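Structure first, then comments.
Encoded structure:
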C-alpha cells in the first residue's frame, strides 16, 4: 500500500460509499455489507448520479440479498476504475487530481519524493518519460468490506426456515465472494465457524500458483490469542489471513469488545514479539491444507499487522509504525468530520463539532447486548425518550438484522423493537419487583435503540433519499477520540494531519492514546464492579482480580515504554501515576 493509513468501517451508512470518494487517491477504506436495503438504495442513487442504467433487485428474487451486495460492489469497482483512468490521463498541472494524488502521499514515500523531483525537471522528453513512470506506479485504494461474523440472523420465507446458506452473514459473504472486486473482507465481532468454513467454497479465496488470492481475509482482533485461534482454524482449511487488524477494546467507534484488562500497548508487544513464530505455525498448516487440495504455491503469502482505535496525532501514528513495526494504522472517527469522505448529515455534523469529552460515552443501546460507543446528542436518543414519555417504548422493527432474542417468541426478535419491549415490561410488572428494581430494569430494557435504521439515516438525510414516513432519527457511534477534533475538515487537511504536514490539534490538550485507553478501562472496571456488587461470587471475584492485575501490568509496561521511547515522557509518566492511584483505590470486595 502507498499510504500508511486506512479508513475503517464507520457504522452502516457513514462509509457505505467512501471508496467512491477516496479509492482513486490510493486510500483504502471499508464499507459494511450488513444492510442490503441500504446498499440497494445507494446503488440506485449513485446510478442516477453517474448516469448508469439501474436495474432494481427486488426482495422477491431468489437470493436477493447476496445479489444486491454483488451488484453494488461491482458498481463501485467499475466507477472507481473509471475515475482512476480519468485521473491518470490528466496533465501534471496544479489543481488537477493527479497532482492531488501525489501530494496526499506521506513525505517518506518514495513515490512522493519522485513526484517532487519530477516537478523540478525542465519541460521536455525526459520530464514526459518521468511522468509516465509515475503514472504506471500509481495504485488504487482497496474497496474492502466488513462482516460482523456473529450478526448472522436466520431467515424465513412463509414461516419456513430458508436454510443455512441464506443466513445474513453467509449471504453477505457470498455477495462479496461473487463480486469482481480484488479486495478484502474484514471479519469482526468474534468467530463464526460456519461462516469461516463457508469461505472454502469460493475460488477467489484460494491462491494461484504464486500464492496470490483475489479475495483476501482480514481478521479484526483484540488480542494475540484470539487472533491465533481464528487464523489456525482458517489455515487448516487452506484459507490465509492476510492481515490482523488489531483494534482497541474500548477506545474505538461502534461496538466495543473490552478485553479482560489487556491494554493495546502490551497486545501490540505480543504481536511484535510473536508474529514470526505465528507466521511459521500458520504457514505449515496452510501449505498442508493446500496440498490436500492439489494446490502448490511457489511464493509464501504476506501477512500484515495493522492497528486502529483512538490514534489522534502524527506522532502516535509514526510511533506505531516504527516501534511496533506495524504496516498501517486505521483512522476512523476523525473522518466523520470530513464531509468529502463520510455521510454525516448537517445537523449531526454541527453537534459533533460542538461536542465535549462528556458527550461520548459507553452505552448499552445496542440490541446485540454488546457495549456500544455512543453520542449523547443524537436524535435517536431524543426520539427514544419521547416514545417512553408517550407510553410507547421501543421501535418498529422493519429490517430485522439484529433479531437475536427468543425469550417470548419462537422466531428471534430484536430487543430494541416495540414488540419485545412491551412483552418484557409486562413480565417485569408481574415479577413482584420493588419500585427501585422495576425502574432499574425498565431503564435497561428501554435503553435499546434501532441501530438498523439509525445508522443509515444520516446518509439518507445527506442525499435526500428518504421514503415517505421513514424514521429520520440519527444514531452515530464515534470513538471517544473524536472529542478532540472540533471543526469540519477537508480530506487534504485530515490526511495532512495524519502525516504531520499540518496539526489539527495544535492547541488541544490531549493525553497519549495509550493513556486515554487505560483511563477508559479503569472507568469500565469500576462500573463493572458496581454492577456486580449484589451478586459477588468466587468466579466473579477471580475475574475482576485478574482484570485489575492486567491493568497494573499494563501500567508497568507503559512506565518503561514512555520512559525510553517517547518525547513527552515526563508528562506521560505523571498521567500514568495518576491513573495508577485511581486504579489502586478500587477495592474488589
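Residue numbers (UniProt numbering): 1 to 589.
In this text, a Cβ means the ideal position worked out from N, Cα and C, and glycines have one as well.
Being a predicted model, the structure only gives us computed values, none of them experimental.
- Around the C-beta of residue 271, 16 or more other C-beta atoms lie within 10 Å, and the residue is accordingly described as buried.
- Taking C-beta atoms as the reference points, residue 329 and residue 305 fail to come closer than 7 Å.
- The C-beta distance from residue 27 to residue 141 rounds to 4 Å, short enough to fall under 8 Å.
- For residue 476, the three-state secondary structure derived from DSSP is coil.
- Residue 79 counts as buried, since no fewer than 16 other beta carbons sit within 10 angstroms of its beta carbon.
- Taken in chain order, the unbroken stretches of alpha helix (DSSP H) that lie wholly in the stretch 336-406 and span 4 residues or more are 346-353 and 379-389.
- Beta-bridge analysis with DSSP links residue 308 to 247 and 330.
- Cβ neighbours of residue 379 within its own chain (closer than 7 Å, five residues either side excluded): 473 and 474.
- Around residue 466, the same chain offers 460 as residues with beta carbons nearer than 6 Å, after the five sequence neighbours per side are excluded.
- Going by C-alpha positions, residue 484 is about 18 Å away from residue 254.
- Apart from sequence neighbours up to five positions away, the residues of its chain that approach residue 131 with a beta-carbon distance below 7 Å are 92 and 118, ordered along the chain.
- For residue 184, the closest of 523, 383, 6 and 281 by C-alpha to C-alpha distance is 6.
- Residue pairing for residue 522: DSSP places it in no beta bridge.
- Straight-line measurement puts the Cα of residue 448 at about 18 Å from the Cα of residue 257.
- Taking every protein chain shown into account, the CB of residue 157 has fewer than 16 other CB atoms within 10 angstroms, so this residue is exposed.
- For residue 292, the uninterrupted alpha helix (DSSP H) run begins and ends at 264-292, by DSSP.
- Considering only 88, 106 and 396, the residue with the shortest C-alpha distance to residue 454 is 396.
- Positions of the alpha helix (DSSP H) runs, each at least 4 residues long and wholly inside the stretch 58-135, are given as 64-88, 97-103 and 110-119 in order along the chain.
- By the Cβ neighbour-count rule, residue 578 is exposed, with fewer than 16 other Cβ atoms within 10 Å of its own.
- Annotation: residue 336 to residue 507 spans about 21 Å, alpha carbon to alpha carbon.
- DSSP places residue 494 in the uninterrupted alpha helix (DSSP H) bounded by 491-498.
- The secondary-structure analysis by DSSP pairs residue 216 across a beta bridge with 184.
- The three-state secondary structure of residue 442, taken from DSSP, is helix.
- Rounded to whole angstroms, the gap between the alpha carbons of residue 57 and residue 402 is 23 Å.
- Around the beta carbon of residue 391, fewer than 16 other beta carbons lie within 10 angstroms, which makes this residue exposed.
- Of 267, 486, 405 and 260, the smallest CA-CA separation from residue 352 is found for 486.
- Cβ contact annotation for residue 412 (same chain, cutoff 8 Å, sequence separation greater than five): 153, 154, 403, 404, 405 and 406, in chain order.
- If you ignore the 5 residues before and after residue 190, its C-beta comes within less than 7 Å of the C-beta of 149 and 150, all in its own chain and listed in chain order.
- For residue 262, the closest of 571, 563, 16 and 546 by C-alpha to C-alpha distance is 546.
- Burial is judged here by how many other beta carbons sit within 10 angstroms of a residue's own beta carbon; residue 243 has at least 16 and is buried.
- Here DSSP, grouped into helix, strand and coil, assigns residue 470 to coil.
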